[in-house]
Each structure stands twice: as C-alpha cells, then as structure tokens.
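Trainee: Going down the list, the sequences are from chains Y and A. Quick note on numbering: the numbering used here labels position 151 of the first sequence as 353, and the sequence is numbered without any gaps. Quick note on numbering: the numbering used here labels position 294 of the second sequence as 295, and the sequence is numbered without any gaps. Even glycine gets a Cβ: it sits at the ideal position worked out from N, Cα and C.
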Amino acid sequence: MLTLLRDLRHLRRSLALPAPDRGRSLAVRHVDAGSCNGCEHELTLASAPQYDLERFGFGIVASPRHADVLLVTGPVTNRMHAPLLVAYNAMPEPRRVVAFGDCALGRGVLGLASELVGSVEDVLPVDVRVPGCPPTPDAVAAAMIELCDRVGV
Amino acid sequence: MIAAYRSAVAEALTDGRRFAGLHATAGGALVRAAFAAPDGSIRLESVAAQDGRVPSIVDLVPAAGWDEREAADLYGLGFDGHEPLRPLVDHDLDLEHWTVPVQGADAYQIAVGPIHAGVIESGHFRFHVVGDRILHVDARLFYKHRGLERAAEGRPLEAGLAHAMRACAACAVTNSVAYAHACEEALGLRPTGDLARVRTILLELERMWSHLNDISAVCAGVGLAAGNTCFAALTEQARRLNATLTGHRFGFGSVRVGGSALDLDDGTVAGARDEVSAIAAVARRGWRELLFNSSFQDRLPDIGAVSLEDARSLGAVGPAARASGLSDDVRATSDRLAYDGFAAVALARPTGDARSRLEQRALELNQCFALLDDLLDRRIEPAAAVTGAEPEAIGIGRVESPRGATLCIVEQAAGRIERLRLRTGSYANWPVVAHAAVGDLLPDFPLINKSFELCYACVDR
Numbered sequence: 203m204l205t206l207l208r209d210l211r212h213l214r215r216s217l218a219l220p221a222p223d224r225g226r227s228l229a230v231r232h233v234d235a236g237s238c239n240g241c242e243h244e245l246t247l248a249s250a251p252q253y254d255l256e257r258f259g260f261g262i263v264a265s266p267r268h269a270d271v272l273l274v275t276g277p278v279t280n281r282m283h284a285p286l287l288v289a290y291n292a293m294p295e296p297r298r299v300v301a302f303g304d305c306a307l308g309r310g311v312l313g314l315a316s317e318l319v320g321s322v323e324d325v326l327p328v329d330v331r332v333p334g335c336p337p338t339p340d341a342v343a344a345a346m347i348e349l350c351d352r353v354g355v
Numbered sequence: 002m003i004a005a006y007r008s009a010v011a012e013a014l015t016d017g018r019r020f021a022g023l024h025a026t027a028g029g030a031l032v033r034a035a036f037a038a039p040d041g042s043i044r045l046e047s048v049a050a051q052d053g054r055v056p057s058i059v060d061l062v063p064a065a066g067w068d069e070r071e072a073a074d075l076y077g078l079g080f081d082g083h084e085p086l087r088p089l090v091d092h093d094l095d096l097e098h099w100t101v102p103v104q105g106a107d108a109y110q111i112a113v114g115p116i117h118a119g120v121i122e123s124g125h126f127r128f129h130v131v132g133d134r135i136l137h138v139d140a141r142l143f144y145k146h147r148g149l150e151r152a153a154e155g156r157p158l159e160a161g162l163a164h165a166m167r168a169c170a171a172c173a174v175t176n177s178v179a180y181a182h183a184c185e186e187a188l189g190l191r192p193t194g195d196l197a198r199v200r201t202i203l204l205e206l207e208r209m210w211s212h213l214n215d216i217s218a219v220c221a222g223v224g225l226a227a228g229n230t231c232f233a234a235l236t237e238q239a240r241r242l243n244a245t246l247t248g249h250r251f252g253f254g255s256v257r258v259g260g261s262a263l264d265l266d267d268g269t270v271a272g273a274r275d276e277v278s279a280i281a282a283v284a285r286r287g288w289r290e291l292l293f294n295s296s297f298q299d300r301l302p303d304i305g306a307v308s309l310e311d312a313r314s315l316g317a318v319g320p321a322a323r324a325s326g327l328s329d330d331v332r333a334t335s336d337r338l339a340y341d342g343f344a345a346v347a348l349a350r351p352t353g354d355a356r357s358r359l360e361q362r363a364l365e366l367n368q369c370f371a372l373l374d375d376l377l378d379r380r381i382e383p384a385a386a387v388t389g390a391e392p393e394a395i396g397i398g399r400v401e402s403p404r405g406a407t408l409c410i411v412e413q414a415a416g417r418i419e420r421l422r423l424r425t426g427s428y429a430n431w432p433v434v435a436h437a438a439v440g441d442l443l444p445d446f447p448l449i450n451k452s453f454e455l456c457y458a459c460v461d462r
C-alpha cells in the first residue's frame, strides 16, 4: 500500500495539471446516449492522477437529482431517447447540458437513420459543445472550467 | 435440408471445434453458423430460410442463443425449436416477453439501468432476488444499437472499416484488424511479415491499456482507491503511448484494408519500447501490492464462479474462459499475425471466480509486455498485403481482443458489402456474466461485472 501511495505522489508531482486558482464546484451526471465507449473511457481517465478533475471541484454524481450538469455522449439512439429525457427532467434548476464528443454534436455519425433520433441538440438545449472523437481528458477539464466561468460559479 | 443442417452442426461440434457465431445473411435468406477448430480454421454451416423460418440449434449449442434472438429481431426470422424466443434487440415488447418468469415466496425484482451511477455505458439489468441473493439476471442490452452493420450493407469494402472500428473504442484495433483480415481473405490477399508485425504491435498496445484499465476497474469495484488510481495512471500512460505511435489515443485509423501506412523511425520505436518497460515496472510493483493487500484479496475469491463445463457450453471466450480452465486463445493460431511460438498463459488453479479472472488478466498483461518488448525491436515501415489466394465471396477474420475471440464475417459481391457481421468477445461473454452472478449477493454484482469488464458498444453496434 505504501508503495502504491508513494508512486501516486510521484505521479502527481511530475504530471499533474497546475492547481486551480479559486474554489468552485459543479456536480456532473453522465448519460451515454449511444456512444462507442471512447468518450466514457476518456471521462474515466479525467479522474486519473494526471488530471485529477476532482481537484477543480468537478465530481461525477450518481443521480441526476444531485447534478448541475448533464454530460451527454453519443448520437442519441432510439432506445436511449426516453431514458435521456427522464434523466434531464429529474435535474433541479438551474441545469446545464454538455454535448460531449463528435457523435453528440451530430458530426460524422455512422449507423442507420432509422435507429437514431439525432444529435443532443435536437433533443435537449445544449450549453457547451465539446468536439473530439473522443475528446481527451484535458478537454473534459477545459469544458468544465469554461462552463464555470460562464455561469459564474 | 433442415435435418441436414442440424446434423451438420452436430458434426461440426466434434473434434474440439467450438461455436464462433451465427448470423442471418442480407434479407434473411440464409442462416450461417461458424465453428472454430483448434487449428484456427473456420467451418461454416448454412441453411436456407423456408417461409421465413429456420431450425434452431440452441439445444445443440446454448452459446448460439443471443445470435438467434438477434437474427429474429433484425432479420425477421423464426427459429423452430427456440422456445420461448425472447426479444434481444427489439425493446418494444412488455416485461413478460423478455424476462424469465421467477415465482415463489419473497422473490422480487430489482431494475438497474440503463443509466448507471458511475461513468458506465448504458444497459439494463433486471435482478430477480430473494433478499440480497440473486436467483436470476436478465440483461437487456442494445440500448446503444446504431444499426452499424446494416448501414454498411451496399457500401464499398474500404468504407466498411469505419463501421467495424467505430462499433467500439475499447476494441477499435481488434475490430479493425478482424475486418481487414476478412476483407483480405475475400480479396485473395495475404499479409507480409511486416504487415503482420505492425498489426500485432497495435493489437498488443490495445491489450496493454485495456488490461491496465480492467485492473483499475476491479480496484474501483472493491473501493481500493490507491490501486484504482495507480492503474488508471498507467492506463493514461499507455493511451498516450498509443497517441505517440498512431496519432490517436485508441488507435483509430491505424489499421487499413490491404496494408499499413504507419511509418516510425528507430528512435520512436525504441522510445516506445522504453515506455512499455517503464509501465511494466510500475504495473508489476502495483500488482504485488495488490496481492499483499488483504482487504482487497478478501473480496475476490468464490464470487461469480463459472465452471469449466459452463464456460464451454455458454461459449465463454478470452481471459474469462481461460480463468475457468479453457485454453483457447486465437493468438496461438493467427497465421495472419506475428504470434509465432505463442502459447496462452494459464493459472495453476483456474477456479473461474472473480479472483481467477483478475489474476489471468495480470498474467496476460505480463505476457503482453514481453510480446511488445520483442516486437518493438526495429523501425516500423509501411507495408502492403500481397496477392496469394483466390478471391472469395465470404471473408472471415478472427482476432483475440482483450476480452476474447472476435469474429468478423464479410459477405461481398464485386467489392461491395452484402453483409457485415461483427461478433466480439463481449458478445460471447455477456450471457456468461448473467450466469456467473446466479447464487451470489447483489452487492457483489458490480465486482463480478468488472471482473469480466465487457463492452456494451460492440455488442449493441
């Protein structure tokens, strides 16, 4: 255990992003509306010690009822359309939506039109657009900081 | 005709051959079942649909259950003898049509998903439980069904690559190589040694980050933050190495049909080899720490156990199957890849539980480091496949992904796709996960699930 912790301290010293300049926080709920799993893998690594998104005050929360931000990945499939709306409708106001990744932005989507509803924009009001296939973990941090600046948290 | 198909399937299952996939051809005209021999060769058995019906083979091959249900939902086929034929991709039917009825005192259901508490793909699990004890699990996936295969029909062979690759980011390289192999077989092409080597390197790079990620995920499932972050950091390093070598963190676009454009000089390849050994050093130290962490180790034994017989009949593949004592590994017979002299690693005591699956992954991760060390010994140059066989209407590629054997079948005419079918290791293993959880406690399910660490995206397609 001590070895693990020592390695982690070293990693944070050598690789981590600079510390945030002021305290702020957003609670994020993620919904996969039909992604290829690339966006999910990159979002997961936003918690890796190299980025450590929690240090900036951004955490993934288990329920949309506790969330400020709905982060949606993937083109919206027929079968995820209704669950996505349920999650959005469960969120308290004020709420913001991040369309995360090229599929969510409706760019370069493959698949049958009859199996897809459309981009996130076609379904929900989108506040922040994060391009990339998939966006890197740094892009997650950048998008969250931009949103904080915009809503003045 | 019908009897001939069933007896051919029964015969195909002898001599150590195992079921590898079943699909309906375009328009639902035929059903083809694939069987893999121990030498890696694939045998196809086909039957023509009569009035939209074909005989089922689930009684002979339980592993074909999902394949038949998918063909019924997407191609409108009926399967005589598959009763009840529950919907798999079709979500329009009520609960009683797709769940197994569970009755008795105190039995009740817990519905989980499609949206989960963490950053996880979408899928629904319906647990039938008494107290905390799981009696049965109905997994309902395909929430992410994008129709990738059907959208590829009619497109040129080169265009289909994106459909296979984008089915799943975690298996992007495997799916791309399987697709490239299938197309090359259809076009009568053979890879040169250089082409085989570069693809093998890309496959092992994918396996490296994937196995590091899976160990991290099991630590997260147990709640061991130190192990989780240690292996997450290594996953990040491995993905950065992918980006350095291929220009993409998941290797998107690194595989092509008929050749490879990857051009890396000696210095870059040597740097990659050093990075692999740096990752390996920390991973081995981290793994040793996990082995001696009793609170971590106490959580793993005896949960989600899959016996050797069940692994075989349910069609388990990959590290999960090897953790139950099956020795199948497509790499041992991949003559289109550079796995000369490869032998699958095996645990001393494969017990088929969550601990065995984790330890099997750790063993294979070590083997992956050694393979990369061997393969990254000189520069990587562009390479092309050469003409070496007769073109065929059906091309088959079979590649070992981090989660097990992935089968890609391309049926083509005049260079256009008539049918694309991708059956990944995750597809084969999902029914095994549901089976593994039976008899265990509900709070152990996330850990059992993580010990398989399957994708939803390449199943749903």
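Taking P339 of chain Y as part of the alpha helix (DSSP H), name the residues at either end of that continuous run.
Mentor: Element bounds for P339 of chain Y: P339 to V353.
Trainee: Please give me, in chain order, every unbroken run of the beta strand (DSSP E) with length at least 3 that falls completely inside the segment 273-320 of chain Y.
Mentor: List check, beta strand (DSSP E) in window: 298-302 and 318-320.
Trainee: Could you check if R313 of chain A is buried or exposed, using at least 16 other CB atoms within 10 Å of its CB as the buried criterion?
Mentor: Buried.
Trainee: Leaving aside the five residues before and after L204 of chain Y along the sequence, list all residues of the same chain whose C-beta is less than 6 Å from its C-beta, in chain order.
Mentor: None.
Trainee: Closer than 9 Å by beta-carbon distance: list the chain Y residues that pair up with H164 of chain A, in chain order.
Mentor: Within 9 Å Cβ-Cβ: L312 and G313.
Trainee: Name the chain A residues whose beta carbon is nearer than 9 Å to that of R297 of chain Y?
Mentor: Those within 9 Å of R297 of chain Y in chain A number zero; the least Cβ separation is about 16 Å.
Trainee: For H92 of chain A, which residues in chain Y fall below 7 Å Cβ to Cβ?
Mentor: The contacting residues are R281.
Trainee: Given a cut-off of 7 Å on the beta-carbon distance, is the pair A306 of chain Y and V274 of chain Y in contact?
Mentor: A contact, by the Cβ cut-off of 7 Å.
Trainee: Measure the beta-carbon distance from F143 of chain A to V90 of chain A and round it to whole angstroms, keeping in mind my assumption that it falls under 8 Å.
Mentor: At roughly 5 Å, the Cβ-Cβ gap stays under 8 Å, so F143 of chain A and V90 of chain A are in contact.
Trainee: For chain A, is any of its Cβ atoms less than 7 Å away from the one on L245 of chain Y?
Mentor: It does; some Cβ of chain A falls within 7 Å.
Trainee: I want to see whether chain A comes within less than 7 Å of H232 of chain Y, judged by CB atoms only; does it?
Mentor: Yes, H232 of chain Y lies at the interface with chain A (some Cβ there is under 7 Å from its Cβ).
Trainee: Can you list, in chain order, the stretches of the alpha helix (DSSP H) that have 4 or more residues and sit fully within the segment 187-262 of chain A?
Mentor: Counting whole runs of 4 or more residues, the segment 187-262 of chain A contains the alpha helix (DSSP H) stretches 194-223 and 226-247.
Trainee: Suppose contacts are defined by Cβ-Cβ distances below 7 Å. Is V48 of chain A in contact with V32 of chain A by that definition?
Mentor: Taking 7 Å as the Cβ cut-off, V48 of chain A and V32 of chain A qualify as a contacting pair.
Trainee: Three Cβ pairs or more, each shorter than 8 Å: is that satisfied between the segment 316-334 of chain A and the segment 176-189 of chain A?
Mentor: No, the segment 316-334 of chain A is not in contact with the segment 176-189 of chain A.
Trainee: Between the segment 409-416 of chain A and the segment 387-400 of chain A, are three or more C-beta pairs nearer than 8 Å?
Mentor: Contact holds: three or more Cβ-Cβ distances are below 8 Å.
Trainee: Is the shortest distance between the beta-carbon of N239 of chain Y and the beta-carbons of chain A less than 7 Å?
Mentor: It does; some Cβ of chain A falls within 7 Å.
Trainee: Return the CA-CA distance between P383 of chain A and G259 of chain A, expressed in angstroms with no decimal places.
Mentor: One C-alpha to the other measures close to 11 Å.
Trainee: Would you call the segment 327-341 of chain Y and the segment 20-31 of chain A touching, i.e. three or more CB-CB distances under 8 Å?
Mentor: No contact exists between the segment 327-341 of chain Y and the segment 20-31 of chain A.
Trainee: Of the residues A:E159, A:A165 and A:R141, which one's Cα is nearest the Cα of R151 of chain A?
Mentor: Ranking the options by Cα distance to R151 of chain A, first place goes to A:A165.
Trainee: Let me confirm a value: T15 of chain A is counted as buried when at least 16 other C-beta atoms fall within 10 Å, else exposed. Which label applies?
Mentor: Exposed, since its Cβ has fewer than 16 Cβ neighbours within 10 Å.
Trainee: Leaving out five residues before and five after V353 of chain Y in sequence, what residues of the same chain have Cβ atoms less than 8 Å from its Cβ?
Mentor: Around V353 of chain Y: P296 and R298.
Trainee: Opposite Q413 of chain A in the DSSP bridges: which residues?
Mentor: Its beta-bridge partners are A:I418.
Trainee: Determine the burial state of Q104 of chain A: buried for a count of at least 16 other Cβ atoms within 10 Å of its Cβ, exposed for fewer.
Mentor: Q104 of chain A is exposed by the Cβ-count criterion.
Trainee: Pairing CB atoms from the segment 200-218 of chain A with CB atoms from the segment 334-350 of chain A, are three or more of them under 8 Å?
Mentor: Contact between the segment 200-218 of chain A and the segment 334-350 of chain A is present, because at least three Cβ pairs lie under 8 Å.
Trainee: I need the straight-line Cα distance from Y428 of chain A to A64 of chain A, nearest angstrom please.
Mentor: Spanning the two alpha carbons is a distance of roughly 10 Å.
Trainee: Is there a C-beta anywhere in chain A that falls below 7 Å from the one on E317 of chain Y?
Mentor: It does: the Cβ of E317 of chain Y has a partner Cβ on chain A nearer than 7 Å.
Trainee: What separation, rounded to the nearest whole angstrom, lies between the Cα atoms of E159 of chain A and R309 of chain Y?
Mentor: Cα to Cα, E159 of chain A sits roughly 20 Å from R309 of chain Y.
Trainee: Within 10 angstroms of the Cβ of S211 of chain A, are there 16 or more other Cβ atoms? Answer buried if so, exposed if not.
Mentor: The residue is buried, with at least 16 neighbouring Cβ atoms inside 10 Å.
Trainee: Less than 7 Å separating the beta-carbons of D74 of chain A and P56 of chain A?
Mentor: No, the pair does not count as a contact, with Cβ atoms beyond the cut-off.
Trainee: Which residue's Cα is closest to the Cα of A221 of chain A: A:N229, A:A173 and A:G252?
Mentor: The shortest C-alpha separation from A221 of chain A is found at A:N229.
Trainee: Assuming contact is defined by CB atoms lying nearer than 7 Å, are V462 of chain A and A4 of chain A in contact in what I supplied?
Mentor: A small correction: the amino acid at residue 462 of chain A is Arg; Val does not occupy that position in the sequence shown. Cβ atoms of R462 of chain A and A4 of chain A: not closer than 7 Å.
Trainee: According to a CB-to-CB cut-off of less than 8 Å, which residues of the segment 116-141 of chain A neighbour chain Y?
Mentor: Result list: I116, A118, G119, V120, I121, E122 and S123.
Trainee: Compare the C-beta of E242 of chain Y against all C-beta atoms of chain A and say whether one is closer than 7 Å.
Mentor: It does: the Cβ of E242 of chain Y has a partner Cβ on chain A nearer than 7 Å.
Trainee: Where does F453 of chain A sit, in a helix, a strand or coil, going by DSSP?
Mentor: Note: F453 of chain A maps to helix in three-state DSSP.
Trainee: In chain Y, which residues lie with their C-beta within 8 Å of the C-beta of R191 of chain A?
Mentor: The premise fails here: R191 of chain A is roughly 29 Å from chain Y at the closest Cβ pair, so nothing lies under 8 Å.
Trainee: Would the segment 277-292 of chain Y and the segment 264-271 of chain A be scored as touching if the rule is three or more Cβ pairs under 8 Å?
Mentor: No, they do not touch.
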